[in-house]
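Counting from 1, position 134 in the sequence shown corresponds to residue 139 in my numbering; the numbering is continuous, with no gaps. Idealized CB from N, CA, C, for every residue including glycine.
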Amino acid sequence: MKTYKVYNLKSFSCLFLLIFFLFFKPTQLQAQSEPFYNNFFLKGGIQKHFAIAELSDYISTKPEWCAGMGYTFLNGSFCSIPVSFEAAHCVISGTNSMVHSFDLWPFLFSAGVELFPTSVFSFGIDAGAGPYLATIRHFESAIDLIQNKLTTTKGSGCMFSVKLYTGFNLFDRALELRLSGSFDCIIEKDGLIPLPAFNVSIVLYPFKTGRE
6 MKTYKVYNLK SFSCLFLLIF FLFFKPTQLQ AQSEPFYNNF FLKGGIQKHF AIAELSDYIS
66 TKPEWCAGMG YTFLNGSFCS IPVSFEAAHC VISGTNSMVH SFDLWPFLFS AGVELFPTSV
126 FSFGIDAGAG PYLATIRHFE SAIDLIQNKL TTTKGSGCMF SVKLYTGFNL FDRALELRLS
186 GSFDCIIEKD GLIPLPAFNV SIVLYPFKTG RE
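Have a look at this one:
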């Protein structure tokens, strides 16, 4: 039994070293051969949140913008680890006549892994969390509704997001066209408010000069 365990340990160690030298070690060496500022990126796009069935009778969402910046670690030929900060503006209209609109400004810090099966095609996953600011415009009473007297209430909270995406890379990966789907959740005292979304964005590495 002891010999079997030692054999399994050696096999696992050899497999780990093989994976490391095949993928991560070449990635690290390649990343180190480039100037560090090559890995800074900017991103921006448009997205659309969708109300789940339980909320569809109460709210409707509109297209929104998102923008961010970040840095990619281990930016090699097979794998990269992007870390970013992103802000967005989400507009939600209330179908209830007493609630006019709900503006959400999330500020998320995220990190993930992106894989490159080919030099052009990529796919990845990232997760992020952070605070949000909210502005709710509503009517406090039926009289206010008749008089069109809106009341503005401001608030804040936290939310998180998990995103899956696929990318089409151009100009030696200096420009990426990305399609993604995300599961965003607003964290409330009474539970979570899920808001799935679809996103179309562009990721630009402004300092990238190409790989050797």
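The beta strand (DSSP E) that contains residue i, what's its start and end?
i	result
Leu197	196-209
Leu138	126-143
Phe107	104-120
Thr66	64-66
Which partner residues of residue i appear in the DSSP bridge assignment?
i	result
Leu180	Leu175, Leu209
Leu79	BP columns for Leu79 are empty, so no partner.
Ala54	Position check: residue 54 holds His in this sequence, whereas Ala was assumed. Looking at the DSSP assignment, His54 forms a beta bridge with Ala202.
Thr157	Arg142
Pro87	Thr77
Phe188	Val167, Pro201
Glu193	Gly196
Glu69	Gln52
Kindly indicate the opening and closing residues of the alpha helix (DSSP H) around residue i.
i	result
Ala147	147-151
In its own chain, which residues sit with a C-beta less than 6 Å from the C-beta of residue i, not counting the 5 before and 5 after it?
i	result
Ile141	Phe107, Thr158
Ile198	Ile191
Ser206	Lys48, Gly50, Arg183
Among the residues of its own chain, which have a CB less than 7 Å from the CB of residue i, if the five just before and after it don't count?
i	result
Gly75	Phe46, Pro87, Val88, Ser89, Phe90
Met103	His143, Phe144, Leu150
Nearest to residue i by CA position, among the options, is which residue?
i	options	result
Thr77	Phe188, Ala179, Ser161	Ala179
Pro122	Ala93, Asn174, Leu109, His94	Asn174
Arg183	Cys163, Asn204, Asp177, Tyr210	Asn204
Ser166	Gly50, Phe114, His105	Phe114
Glu119	Asn153, Gly172, Ser146	Gly172
Ser185	Asn153, Ser65, Tyr170	Tyr170
Gly50	Cys71, Ala202, Ala116, Gly162	Cys71
Cys95	Leu200, Lys213, Glu39, Ile207	Leu200
Thr117	Gln52, Phe55, Lys168, Asp195	According to the sequence shown, residue 117 is Gly rather than Thr. Minimum Cα distance to Gly117 is reached at Lys168.
Pro68	Lys213, Asp177, Ala93, Tyr42	Ala93
Leu109	Asn153, Lys53, Phe176	Lys53
Kindly list the residues whose CB is nearer than 8 Å to the CB of residue i, restricted to its own chain and excluding five residues on each side of it in sequence; keep chain order.
i	result
Thr156	Arg142, His143, Phe144, Glu145, Asp149
Gly162	Pro136, Tyr137, Ala139, Ile191, Ile192, Glu193
Compare the C-beta of residue i against all C-beta atoms of chain C and say whether one is closer than 9 Å.
i	result
Ala72	In the displayed structure, chain C is absent; only one protein chain is listed.
Can we say the stretch 65-85 touches the stretch 130-143, given the rule of at least three CB pairs closer than 8 Å? no
Could you check whether the stretch 118-133 touches the stretch 93-110, counting it as contact only if at least three pairs of C-beta atoms, one from each stretch, sit closer than 8 Å? no
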